[in-house]
Structure formats: structure tokens, C-alpha cells
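Residue numbers (my numbering): 244 to 658.
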């Protein structure tokens, strides 16, 4: 059984940051290779045969706890000078310039899976011995988060008090003309104050909504601006889409990283909404044992101090005691004894729920229901390695009928 096969396409004629009629992989009407366009001009060009290596990095920064722009490096050989921007004989001339659209996807068992959609930020050319004619060109690519970070907004039309978080996300995206066809927005659970109307990056405005909701905002591999509600993030670990273990059952993995430390420990929490009074929650027993580990959230746009207090208490309930956790696992997608392994490596998306079991020395095991917070792909002509970075949600909750998150007397209720 074959491993997933990478394909890479570039639209050299795209001339807008956000295409309103984008190429959509798998779509019966917009995903026909050789017919549909990535952007607004010529058909997308497949460069797969030139590619020697692909590295993709997408996910949340563990230090800042924020999703960052997804990155991809695509390395290829240039035997003809086609990737030299000054070469007027290049079939791509004069379009070897920054911000051309690129998509990377993998085909497995006849199904196509997006791994990365974004823009070529730079063309870095190198020579193995310094004077060879054949060059290695690395396309440095970034997803639309970079464009959101550079798009300033002030007043957001249609952003009144009492608006649900999902509607606020849409209002911010409307303000920068982000395509409706590239949005996947949950309704959300919290209502917000009116938009403050200050000058800021649209990404900062979106992440303020994300923090206010206790949700998640990221760019999917398919290029969709995705907003996950608090409720859906709480439910996701209890309804894992894939189960991994080293016990011989389920999907195997390698190079698991297990941590037991105070990195995610929080025993004193303060939450302050815009214009509100700081709400605090702390656990003295945890403080006495582990010293103070403070968590601060401010500038959120929830409408009441009561919700601020609910957030503080929710964080405290799930973070006041340290727990052993599986931080990451690595999947070799060329190991296809179980066809679900290659499938899982290309199918999993950020904030999907997964279950990981790790056998520990001393005849114990750790079984963790988690969210996927980071996805790395490292691909060559003869290898395909995927690393999943996992973490329990910052805010947990009781999930009805769940054998993992629905245990009365054990699991906490969320607000």
C-alpha cells in the first residue's frame, strides 16, 4: 500500500491577496485541476516533479498560547533558470515575485487532503558548491495569517453590543474583504461588548474575540479562516477522531514526548474584561505546594464581570494541579501496515480531538484526551514524517454521555 503522495501547485498569475473565487480542492465546481484557477489569471502550474523536500509548520506557539502564521518551505531544483526572477526566458516571467498563491496537498487511497494553502513570501536560491549552474530554490511560504497581521482596521461596521462571537469574527473579516467562501465560523457561546473602534491589526482584533470566547482561530490547511467555539473545543477531546497507542492496538507512533512539569500549572487566575473589574480565583492548597503560578487575561470583550469570574474559575479548576501529559507524537507515514496511520497524518486538522496512550516504565500508562495544537510535516522523495503536538484544552467541561469527560464527581462543569 503506497504512502501519501505530495502535489504542489503555484498560481503565477494571482494578483490579489484574498481571491473571491478560489480553487478549492475536492470541489466538483471549483476544484478541477486544469480547469479552475487558484487566482484570477492563468491556470495553476503543478511543480511537483521539481520538488525535493517540503517542510510545513502550523499551529499554536506554546509560549504565547496564540496560533501563528503557518509556514512552509518547498525546496526544488532549477535546472533551466525558470525560478530566476530576472530571466526573461522563464515560462513564469515576469511573475516570479512574492505573494503568489501556493497549495500543497497529499493524495492517499484516492482521496486528496490539503496540507497547506498560502503565499510564496520569498525565493531563496543556493548552489551546492557555490558555482554550479543548477540551483536549489527554496520557496518560503506563509498562510493568510501574515496578511491579517498586516491589515489594519479601526471602526468595524456591524459590531454592536450583544453580538455573538462568531458574528463578530465575520464582521471583522468583512472589514478587510476576506472572502466568504474561505470562512468556517462557529456561532460561538459568548456575547460581546461593542467593538472598541481602535486602530489595530485585524489579526489582533480576531484574537481578542478568540480569547473572549475561549475558542480557537486558525487558518486550516485548506486556507479557511476557522473559528471554533468554546463548547466545540470542550467536546472535541471526548470525541476523538483518531486513537494512537504504543500497546499494539489502534494507530502506532514513535518518538512520543511525555512531560510532567509546571508549564501548564495555574493556581492564581485574574480575568479583566474591557471596562470591568478584575475577577480572581485561586487555590491555596496548590499555592502552598507549588508556589504561585499566576495566569492573567485582560482586555477581553465579554459583557459582564460574572463571565470574567466564570473564566477565572474554569481555568483554575483545570490547571491547579500538575499532570503528566503527552506533548507530541511522531508518525511515519511510510509505515502503512495500518492504513489509518498514513490517513491520520494527512487528515488531522488543528484543534481536532485525539486520544494518545503511552506505556511508562514501572508498568503504568498515560491515556490522554487532547486537542491537536500543532502539526509539522517533513517530506522528501522517500520519507513522510508527521509530528502532532497535543495539549488538553485550557478550559475543560462536563460532556454528557462521555466515558472520559462525563464522570459525575470527577469532571468539572464549564460555564
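No residue lacks a Cβ here, since even glycine has one placed at the ideal position from N, Cα and C. Model, not experiment: these values are computed from the prediction.
| query | result |
| --- | --- |
| So, under 8 Å CB-CB, residue 597 and residue 487 are touching, yes? Tell me the CB distance rounded to an integer number of Å. | 7 Å |
| To which residues of the same chain is residue 432 closer than 7 Å at the C-beta, ignoring the five residues directly before and after it? | 456, 472, 473, 474 |
| In angstroms with no decimal places, state the Cα-to-Cα distance between residue 429 and residue 492. | 34 Å |
| Could you check whether residue 411 and residue 391 sit closer than 7 Å to each other, using their CB atoms as the reference points? | no |
| Can you give me the Cβ contacts of residue 364 inside the same chain, cut-off strictly under 8 Å, excluding the 5 residues immediately before and after it? | 341, 342, 383, 384, 385, 389 |
| Given this structure, state the Cα-to-Cα distance separating residue 584 from residue 497, to the nearest angstrom. | 12 Å |
| What is the rounded straight-line gap between the Cα of residue 508 and the Cα of residue 562? | 5 Å |
| For the region 443 to 454 and the region 404 to 423, state whether three or more C-beta atom pairs, one from each stretch, are separated by less than 8 Å. | yes |
| Return yes when the Cβ of residue 521 is within less than 7 Å of the Cβ of residue 515, no when it is not. | yes |
| Please return the same chain residues whose Cβ sits closer than 6 Å to the Cβ of residue 567, not counting the five positions on each side in sequence. | 503, 609 |
| With a Cβ-Cβ cutoff of 7 Å, do residue 630 and residue 573 count as a contact? | yes |
| Apart from the five residues on each side of it in sequence, which residues of its chain come closer than 7 Å, Cβ to Cβ, to residue 542? | 451, 517 |
| Please work out which residues of its chain come closer than 7 Å, Cβ to Cβ, to residue 351, disregarding the five sequence neighbours upstream and downstream, and give them in chain order. | 247, 585, 586, 589 |
| Helix, strand or coil, according to DSSP, for residue 248 in the structure here? | strand |
| Output yes or no for whether 7 Å exceeds the beta carbon distance between residue 551 and residue 465. | no |
| With the cut-off set at 7 Å, would you say residue 288 and residue 345 are in Cβ contact? | no |
| By the 10 Å Cβ neighbour count, where 16 or more other Cβ atoms means buried, how is residue 545 classified, buried or exposed? | buried |
| Can you say whether residue 480 is buried or exposed, counting buried as having 16 or more other CB atoms within 10 angstroms of its CB? | buried |
| Could you have a look at residue 588 and say whether DSSP puts it in helix, strand or coil? | helix |
| Measuring alpha carbon to alpha carbon, tell me which of 470, 370, 387, 617 ends up nearest residue 407. | 470 |
| Give the range of the alpha helix (DSSP H) segment to which residue 562 is assigned. | 548 to 562 |
| Residue 659: buried (16+ other C-beta within 10 angstroms of its C-beta) or exposed? | Only positions 244 to 658 of the chain appear in this structure, which leaves residue 659 out of reach. |
| Count the other CB atoms, across all protein chains shown, that sit within 10 Å of the CB of residue 396; report buried if there are 16 or more and exposed otherwise. | buried |
| When the Cα atoms are used, what is the spatial distance from residue 454 to residue 348? | 31 Å |
| Classify residue 624 as helix, strand or coil using the three-state DSSP reduction. | coil |
| Any idea what DSSP makes of residue 577, helix, strand or coil? | coil |
| So what's residue 635 in DSSP terms, helix, strand or just coil? | coil |
| How would you label residue 304, buried or exposed, when you count the other beta carbons within 10 angstroms and need 16 or more for buried? | exposed |
| Residue 615 and residue 591 - do their beta-carbons sit closer together than 7 Å? | yes |
| Specify the secondary structure class of residue 484 as computed by DSSP and reduced to three states. | coil |
| By alpha-carbon positions, which one of 310, 362, 290, 316 ends up nearest to residue 296? | 316 |
| Can you check whether the CB of residue 381 is closer than 7 Å to the CB of residue 323? | no |
| Is residue 445 closer than 7 Å to residue 387 when the C-beta atoms are compared? | no |
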